[in-house]
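*Asks:*
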Amino acid sequence: MNDWQRKSPLDWETYVNKLVKVVAVEKHEYEGWVLTVDPVSATIVLATFPENEKGSISFVMGHAVQEVEVLQEGDSDMEQRLARILTPEESQAYSAEELERRKNALKTWLETNHIPVGEQGELGRTLSVAGVLSIEPPYGPEQCSSTNEIILARVQGLLQGFLQLQR
1 MNDWQRKSPL DWETYVNKLV KVVAVEKHEY EGWVLTVDPV SATIVLATFP
51 ENEKGSISFV MGHAVQEVEV LQEGDSDMEQ RLARILTPEE SQAYSAEELE
101 RRKNALKTWL ETNHIPVGEQ GELGRTLSVA GVLSIEPPYG PEQCSSTNEI
151 ILARVQGLLQ GFLQLQR
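Residue numbers (UniProt numbering): 1 to 167.
1) Could you tell me the alpha carbon to alpha carbon distance between residue 110 and residue 96, rounded to whole angstroms?
2) Which residues share a DSSP beta bridge with residue 24?
3) Alpha carbon to alpha carbon, how far is residue 4 from residue 30? Give it in angstroms, no decimals.
4) Relative to the C-alpha of residue 153, which candidate in 138, 134 and 46 has its C-alpha closest?
5) Quick check on this structure: which residue in 82, 32 and 77 has the alpha carbon closest to the alpha carbon of residue 59?
6) Between which two residues does the alpha helix (DSSP H) harbouring residue 106 extend?
7) Could you tell me the alpha carbon to alpha carbon distance between residue 151 and residue 161, rounded to whole angstroms?
8) Cα separation between residue 120 and residue 85?
9) How many Å lie between residue 157 and residue 147 at the Cα?
10) Which residues in the same chain as residue 36 place their Cβ atom closer than 7 Å to its Cβ, once the five residues preceding and following it in sequence are excluded?
And the structure:
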């Protein structure tokens, strides 16, 4: 166990939102803003912001860390920028009526294409496709879940096509 791994989560927290240079085994060097440090493995999550790009994330495994040097303190702007990396894009808020309309339109379209679909849950808000896939509100490809990856990919593809037809 190295010195970095021996630190406590409170010690690691002092590095969050700071620009650091991490020296790892075999003299590999990584530079970026510390997004977080995993408290179990001591892995450092670094964010970098290449020119004209949204940002990228890299991981330096805790067991490989040899030295961490703080290069710059983060300001509130950088703190917000780091927080936005993991935040989903602004999602559209749908009214209950709009969600019901979307659900019914999708259900009708699936039935028209001979895909067995039903409603499940107390409020009937979840669509169930052939009993092996669920579609939650707002009924897009990202809201599909299934343990069968093949069915999941195919239904997500169908949903993508359906949404393009709706536009």
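We treat Cβ as the ideally placed atom computed from N, Cα and C, and that holds for glycine.
*Replies:* For this structure:
1) 21 Å
2) Per DSSP, the beta bridge partners of residue 24 are 65.
3) 15 Å
4) 134
5) 32
6) Per DSSP, the continuous alpha helix (DSSP H) segment holding residue 106 begins and ends at 96-112.
7) 15 Å
8) 34 Å
9) 16 Å
10) Once the five neighbours on either side are set aside, the close Cβ partners of residue 36 are 16 and 45.
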